[in-house]
Amino acid sequence: MKIERSLVRRTVAVAAAGATALVLAACGGADDGGSVGSAGHGGHSAAASATASPTPSASTPDARGGHNAADVAFAKGMIPHHRQAVEMADLAPGRAGSPEVEKLAAEIKKAQDPEIRTLSGWLTAWGEEVPAEGAAMDHSSHGMDGMDGMMTDQEMRGLRDASGEAFDTAFLELMVKHHEGALAMAETERADGAFAPAKKMAAQIITSQSAEIERMNGLLGEG
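Structure below.
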């Protein structure tokens, strides 16, 4: 009986030791699983963060430096438009019949020259092509004849050939039309653009050129 009891005790001890080993192994597995689970949770958190804060697509204004296609179109259209206005203004000295027209031409050039440089700088920063220097005189290449108030080659030749009162009348009439085209472009930018400085310039163009149109119409009325 003593031998049997001893055998039973040994069997129980072995079983208990095996159970302990199994428990320890299970705990180790739980720890390992916990680590994996933790990594899993970390991966889930990273995925959640990525979902919560998606990378902006290239089409969004923020990803493109705060500008959009309307801003690019505004800059690319206004540069040759302004260049032609400056070209027209440069004809006034020696041709204008009144000091008022010559003064107005000088003011137009003074206002639009810096804007051309600013618009060109924006396009360069955006990785866009700046219209070629001669674009304002090659309207057909842009399909802009008679559009946006741009002068045709014939109208520009007529202005170059005029002098005195004839020049004043032609300059004022053509510049009114030219300014009206700029106002339309600026209104589009103000409505559709995303780049704050461009929208601000558009608003300034609307204010200043509207005032100049009124002034030019007044000079035409006096004539």
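Under mature numbering (1 follows the signal peptide of the UniProt record, and there is no 0), residues -25 to -1, 1 to 198 are what the sequence shown spells out, in order. Where is the CB? At the ideal position from N, CA and C, for every residue including glycine. Note that this is a predicted model, so its numbers are computed, not measured.
Between M160 and M63 the beta-carbon gap is near 17 Å, outside 8 Å, which marks them as no contact. Excluding its 5 nearest sequence neighbours in each direction, H56 has C-beta neighbours in its own chain below 8 Å: A111, D123, G124, M125, H153, G156, A157, M160, listed in chain order.
Between A50 and L94, the C-beta spacing is below 7 Å. Under the Cβ criterion (8 Å, minimum of three pairs), the stretch 79 to 92 counts as touching the stretch 183 to 193.
Counting only residues of its own chain and dropping the five nearest sequence neighbours on each side, L98 has a CB closer than 6 Å to the CB of A50, V105. Using a Cβ distance threshold of 7 Å, A71 and D136 do not count as a contacting pair.
DSSP places A60 within a helical segment (H, G or I) once states are collapsed to three. In the same chain as L194, and ignoring 5 residues on each side of it, the C-beta atoms closer than 8 Å to its own belong to S73, E75, V76, L79, D143, L147, in chain order. By the beta-carbon neighbour count (other beta carbons within 10 angstroms, threshold 16), R58 is buried. Q87 sits buried, since 16 or more C-beta atoms from the chains shown fall within 10 Å of its C-beta.
Beta-bridge partners assigned by DSSP to A71: G139. A buried status is given to A145, since no fewer than 16 other beta-carbon atoms sit within 10 Å of its beta-carbon. Burial is judged here by how many other beta carbons sit within 10 angstroms of a residue's own beta carbon; K174 has at least 16 and is buried.
The closest CA to that of E130, considering only D167, T163, L149, is found on L149. Scanning its chain for C-beta atoms nearer than 8 Å, with the 5 sequence neighbours on each side dropped, one finds around A169 the residues P36, G41, H42, N43, A45, D46, in chain order.
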